[in-house]
Structure formats: structure tokens, C-alpha cells
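Residue numbers (my numbering): 265 to 834.
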């Protein structure tokens, strides 16, 4: 065999094995050393191939694809620092349990650590942030290597998909010449399929869970962001049987598509409710069962940490269950769906009604609040109420996700909400949103701050290569708005230099560069008018100008009024 035919068989076997393992989407950043695999993916018609020239943004674009689809997504880059730029997205994928497959092309072994250009140590580059890392052999005419490729590709993809899901790394070296046969046909694989079992609860475990739930009159169901798409029908059947309040983090996606007979059980104002110490003491739960990650709400975390329920059950498929508060008493290592099959029928007690009545009271205050305020919370609420049935919402970290938590109220509409909360970073959010939209093919809205948008302006490059349908709402308060809520803001010295970090930048020129529809907003009235205007271009940027200090004051005034109304009824 010629060198070209050997290399063609090698990359063809890799792509065929990935296809056989269930990979459908591939994100490629241009580079020389990755040429053989880039050609192989492009020539294999069954892959959806996306291009992003910035590897850092490419990583988050792939993260968005995998977050939306819950399927493994391949990242491919050349050697050197290109691979280093995947690290932020891989870190987020690790902590948010997303099945990314990072493929880094590498120099051959004889060119490592000898001063060759564009060569770094790529072996186990991502350390403990990937579930598995494999350094592949070089291409050669060897049946044993063919067998190695088929089985190791399947093993690594299976590791990525095994709960808890997570990223894996394949480092693949290539010798020059790098061209392959452009009439390549995928080779026939000897490995056919891997069957993955579905875990379930045994009878003894089921009975113990039933006993805890049956003997608890005052209980809470808490649902944070989940690693898999939740079966809402099964969940609400479980909740309705228990008749306990359900504290729904916005990323649980249980604030949307709620059945009519369960909508009152959904508590969406718990963040504000638990700012009242008096209310919190009146509804102390004896038992809590939590699905998914700890919710965004800081008052909820403080409340649980302080009062420590007698029974705190966490359903988490990972043996390293998430318990940042140190209050978990029972860990159920199981898929959520298995636990939802446990049915405990209970009457609705006054305890649950207390939560429901208080939630309705504070929700009504938001109706009164919107017409009179002009802060970011108001803009957020106006946006959320405008979102059409069938659209998706992506939230940035810092202030946007907190405004989603406060102002996105329960609804029967079909709106899916996403955010990068594995590490709560503000980087890569634009690319993640574009990746989610590329997979789901639904009109998508991104709520983001000005600094977070600046972090990932390069993510917009993807709109030059692929179809998109994204509206970006930028809350431009000229700096880091979240810091104005933190103790640092009480020390004026150096606050603006170190934390506020105003840039004085606006984004109409960025919009023009990418051919985006653009609007500048300074009032709620003009925001309503803009939202009512037809979207005419694939990319739309709505820049809302706000004041950081006024925003802090408005939020605190609202929360204080809520607590006062809750405690005094006035």
C-alpha cells in the first residue's frame, strides 16, 4: 500500500468508527496537521460539519451542540496552542457533564520536544478535566492498529456517554505528507455495536425511599439543572402524587410546559420568598428531595445550609454527588427517570398551601412592578413575557441568570432555557448559544451582559459559515454589573478599576460588521416596540443601555418590598 492509501484507510476507519458510535456533528477549526481527518469528515456525507476558525469559540459551539442534543460532538483542531484553546469549553463540559470528543492532531513522535514548530506536549493535555485520554498510534499498514482504532473509538465514546457524561480526548499524530485519497470510501468495520444497560432501582432501595417520603408531612422537591432531558410527564405525576411544593430552578425547564393540574405546585419565586427569614422559619421542611444540580439561588443555598433538613435526598448518577452545602443525608445514585417511578400518594397539607399562597403574592407584585421600573429586571421580564411559544432562551452568567431566576415566571409555553452553569463562567456564551440553535433549529434568544459578550465576540464568526436564527439582547451597563451587588461595592477605592471595569464600548459597529439587524434601546417603551418589530436578518442584536447603580437600587427595593409584603401584608 502507498502512504496515501495507508493514511486514507487510517482516517477512514476513525471516522467510520465515530459514525458507528453515534457521532453526528463535527466542529472543525482549520489547520495543517489535522488535514487528513478534516478531509475525511468532509467527505463522509453522514456528518453535520461546522466550521469555526477560532478554537476557543469552536469549543463552546460544540458544547452548545452537545448540550442541546445530549449526543457526542467531535471537535477537531491542529497541533500546538490550537488544542490549548479548547480547555475552557472542556472544563465547562466536565462540570456540566456534556459529551464532547476533543480530537487534537499532533506531530509524530520524533518531532515532539525537539524544537519542532507548532508542537507542544499534548499527551493528557486536559488532565483530570476529561474522563479518558488516548494517544493514538501513527498510521501504518497493520491490521492490529485497525482493530485498535475501531475498539478504542467505541470505548472512548461510550465513556463520554456513560453517566455522568463528560468530555474525552483523542490525540492523533500524523506524519507528512498529509493528503488522502479524495475518492475515499469508508472501510467495513469488524466491530459492530456496543449495548449500554439502563440502571434501575432495586426493590429494597425503592422501599427505603418510599418510607422516607411517606413519613414526611413537610417536604420540598427541588429541581436544578439536569444532565439529561427530563420526562416532564413522569416528573409532574411524581410531584402531584406527593403534593409537595416544587422549587423549580429556571434551568430545570419545569417552569415551562406545566400541566394545568400541577401549575400551582411550581414555586418560581422561592429566591425572593427565602429572603424573608420569617417566612423561611414558617415553612421549614423535614425532607427535601433534589434532582439535578444545586439551583442558582443563593438565598435557597443559605436557607438549606442553615436549617439542614432531617432528610436531604439527592438523585445524582455520579458517585461524586454534588453537595456543596454539606447537607445531603441520602444519595440515590440513579438516573432521574428511575426515581420518578416511585409513587407515594399524599394529601395536600397546609404546609404546601402556605408556599403556594406566598408564591402567588410575590408573583402578583411583579405584575405591579413592571410598568413603573426601568432597570434590567424590568427589561428581562418584558423579554420573557414576549418570548413566543416554541422559542429557546439562553442566559449568560452573573446578572442575566439571576434575572432569569427572579423574573422568568411559570408558563404553559414551550420554551427551553439553557446556560453554562458547570463553572458559571462568562466566556463562550455566544458560541454556546449558536451551537444550541444549530442543533435545535428553533428561534433562539440570548440574554447576555456587555462584558460576557466582549469575551466571545469571535463566536459570531460562526454566523458567516452556517445558518443561524439568533437574537442577542445585550444588557450594556458598561462593566461588571454583578460586582455592584457584592461587598466589594461598599469599598469605593479601586472598585471601578478592578471590578466595575467600564470599557465605554457599544456594539453597533460589531452588528454592522456581521450584517446583523441592530437596535439601541434606552427605555422600556422602545424595547417593547423593538420586540414587536419583525426579525429580518439571521442575526439580530438589541443593545439595552442601563445604569449599574440604578439597577442595584431597583432590585433591592423590589426585594425589600416583597419581604415587607410577605411579612406584614402591606
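All C-beta atoms, glycine included, are put in the ideal place defined by N, C-alpha and C.
None of the values given here were measured: they were computed from a predicted structure.
### Query
If you run the structure through DSSP and keep just helix, strand and coil, what is residue 315?
Working through the chain shown from its first residue, we reach residue 315 at position 51. Correct three-state label for residue 315: strand.
### Backbone secondary structure at residue 746 - three-state DSSP
Translated into the one-based positions of the chain shown, residue 746 becomes position 482. Here residue 746 sits in helix by DSSP.
### Query
Between which two residues does the beta strand (DSSP E) harbouring residue 284 extend?
Working through the chain shown from its first residue, we reach residue 284 at position 20. Segment 267 to 284 is the alpha helix (DSSP H) holding residue 284; no beta strand (DSSP E) there.
### Task
For my contact list, residue 675 and residue 509 are in at a C-beta cut-off of 8 Å; report their separation, rounded to the angstrom.
For the purposes of this step, residue 675 is taken as the residue at position 411 of the chain shown. For the purposes of this step, residue 509 is taken as the residue at position 245 of the chain shown. The Cβ separation is near 18 Å, so there is no contact.
### Query
Whose C-beta lies closer than 7 Å to the C-beta of residue 267 among residues of the same chain, with five residues either side of it excluded?
Numbered from its first residue, the chain shown carries residue 267 at position 3. So the list reads 441, once near-sequence residues are dropped.
### Query
So the beta strand (DSSP E) residue 709 belongs to, where does it begin and stop?
What you label residue 709 is simply residue 445 of the chain shown in a count that begins at 1. Here the beta strand (DSSP E) through residue 709 covers 708 to 713.
### Message
What would DSSP say about residue 783, mapped onto helix, strand or coil?
### Response
As a first step, residue 783 must be located in the chain shown, where it is residue number 519. It is a strand residue.
### Message
Mapping the DSSP letters down to three states, classify residue 814 as helix, strand or coil.
### Response
Within the chain shown, numbered from 1, the residue matching residue 814 stands at position 550. It is helical.
### Query
Between residue 415 and the rest of its own chain, which residues show a CB-CB distance below 6 Å, the 5 nearest in sequence each way excluded?
Numbered from 1 along the chain shown, position 151 holds the residue referred to as residue 415. If we look at residue 415 and ignore the five residues flanking it on each side, its Cβ neighbours are 455.
### Task
Under 7 Å Cβ to Cβ from residue 319, same chain only, skipping five residues before and after it: list those, please.
Here residue 319 is taken as the residue at index 55 of the chain shown, counted from 1. Excluding positions up to five away in sequence, the list reads 293, 341, 346, 349 and 350.
#### Entry: residue 366, DSSP secondary structure in three states
Position 102 of the chain shown, counting from 1, holds the residue named residue 366. If DSSP states are grouped into helix, strand and coil, residue 366 belongs with the strands.
### Task
Might you give, ordered along the chain, the residues of its own chain that have their beta carbon closer than 7 Å to the beta carbon of residue 486, omitting 5 neighbours on each side?
Counting from 1 along the chain shown, the entry for residue 486 is found at position 222. Contacts found: 511, 552, 554 and 559.
### Query
Can you give the Cα-Cα distance for residue 427 and residue 561, rounded to whole angstroms?
Locating residue 427 in the chain shown gives position 163, counting from the first residue. Locating residue 561 in the chain shown gives position 297, counting from the first residue. The alpha-carbon atoms of residue 427 and residue 561 are separated by roughly 26 Å.
### Query
Any contact of the stretch 388 to 396 with the stretch 609 to 623, i.e. 3+ C-beta pairs under 8 Å?
no
### Task
Could you check the C-alpha separation between residue 727 and residue 719 for me, to the nearest Å?
Here residue 727 is taken as the residue at index 463 of the chain shown, counted from 1. Here residue 719 is taken as the residue at index 455 of the chain shown, counted from 1. Each residue's Cα considered, the two are about 17 Å apart.
### Query
With distances taken between CB atoms, is the gap from residue 518 to residue 499 smaller than 8 Å?
If you number the chain shown from 1, residue 518 lands on position 254. If you number the chain shown from 1, residue 499 lands on position 235. Cβ distance < 8 Å, so residue 518 and residue 499 count as in contact.
### Own chain partners of residue 271 with C-beta closer than 6 Å, once the 5 adjacent residues on each side are dropped
The residue labelled residue 271 in the question sits at position 7 within the chain shown. Hits under 6 Å: 300, 403 and 444.
### Message
Taking its Cβ as the centre, do 16 or more other Cβ atoms sit within 10 Å of residue 371, making it buried, or is it exposed?
### Response
On the chain shown, residue 371 is found 107 positions in, with the first residue counted as 1. With 16 or more other Cβ atoms within 10 Å, it is buried.
### Query
Quick one: Cα of residue 557 to Cα of residue 588, how far?
In the chain shown, counting from the first residue as 1, residue 557 sits at position 293. In the chain shown, counting from the first residue as 1, residue 588 sits at position 324. Their backbone Cα atoms lie some 10 Å apart in a straight line.
### Query
Which residues mark the beginning and the end of the alpha helix (DSSP H) in which residue 670 is found?
Within the chain shown, numbered from 1, the residue matching residue 670 stands at position 406. Note, residue 670: alpha helix (DSSP H), 663 to 671.
### Query
Does the pairing of the stretch 704 to 719 with the stretch 579 to 593 give three or more beta-carbon distances under 8 Å?
no
### As assigned by DSSP and simplified to three states, the class of residue 349
Residue mapping note: residue 349 aligns to position 85 of the chain shown, counting from 1. Three-state result, residue 349: coil.
#### Entry: Limits of the alpha helix (DSSP H) - the one that residue 574 falls within
Numbered from 1 along the chain shown, position 310 holds the residue referred to as residue 574. That residue, residue 574, is in no alpha helix (DSSP H); it is neither H nor E in DSSP.
#### Entry: Nearest residue (CA-CA) to residue 528, options 625, 361 and 469
By one-based count along the chain shown, residue 528 stands at place 264. Closest option to residue 528, Cα to Cα, is 625.
### Message
Considering only their Cβ atoms, is the gap separating residue 550 from residue 523 smaller than 8 Å?
### Response
Counted from its first residue, the chain shown places residue 523 at position 259. Counted from its first residue, the chain shown places residue 550 at position 286. For residue 523 and residue 550, no; Cβs fall outside 8 Å.
### Message
Can you list, in chain order, the residues of its chain with a C-beta nearer than 6 Å to that of residue 397? Leave out the 5 residues immediately preceding and following it.
### Response
Mapped onto the chain shown, residue 397 falls at position 133. Result list for residue 397: 388 and 433, in chain order.
#### Entry: Residue of 808, 707 and 430 minimising C-alpha distance to residue 738
Residue mapping note: residue 738 aligns to position 474 of the chain shown, counting from 1. That would be 808, whose Cα lies nearest to the Cα of residue 738.
### Inter-residue spacing [alpha-carbon to alpha-carbon] between residue 328 and residue 315
If you number the chain shown from 1, residue 328 lands on position 64. If you number the chain shown from 1, residue 315 lands on position 51. Distance between the alpha carbons of residue 328 and residue 315: 14 Å.
### Task
Tell me residue 437's beta-bridge partners as DSSP assigns them.
As a first step, residue 437 is located in the chain shown; it is residue number 173 there, counting from the start. Answer is 370, bridged to residue 437.
#### Entry: Best match in 787, 789, 771 and 788 for proximity to residue 781 [C-alpha to C-alpha]
On the chain shown, position 517 is the one that residue 781 refers to. The shortest C-alpha separation from residue 781 is found at 771.
### Task
Return the Cβ separation of residue 307 and residue 339 in integer angstroms, given the expectation that the two are a contact with Cβ distance under 8 Å.
On the chain shown, residue 307 is found 43 positions in, with the first residue counted as 1. On the chain shown, residue 339 is found 75 positions in, with the first residue counted as 1. Actually they are not in contact, since the Cβ atoms of residue 307 and residue 339 sit about 19 Å apart, beyond 8 Å.
### residue 279, buried or exposed, once every other Cβ within 10 Å from all chains shown has been counted against 16
Position 15 of the chain shown, counted from the first residue, corresponds to residue 279. With 16 or more Cβ atoms within 10 Å of its Cβ, residue 279 is classed as buried.
### Task
Report the option in 419, 465 and 295 whose CA atom is closest to the CA atom of residue 369.
Within the chain shown, numbered from 1, the residue matching residue 369 stands at position 105. For the residues 419, 465 and 295, the minimum Cα distance to residue 369 belongs to 295.
### Message
Please report the distance separating the alpha-carbon of residue 275 from that of residue 413.
### Response
In the chain shown, residue 275 corresponds to position 11, counting from 1. In the chain shown, residue 413 corresponds to position 149, counting from 1. Answer to the nearest angstrom: the Cα atoms are 9 Å apart.
### Query
Does the pairing of the stretch 472 to 489 with the stretch 635 to 650 give three or more beta-carbon distances under 8 Å?
no
### Task
Quickly, what does DSSP pair residue 680 with across the bridge? List them, please.
In the chain shown, residue 680 corresponds to position 416, counting from 1. Residue 680 pairs with 656.
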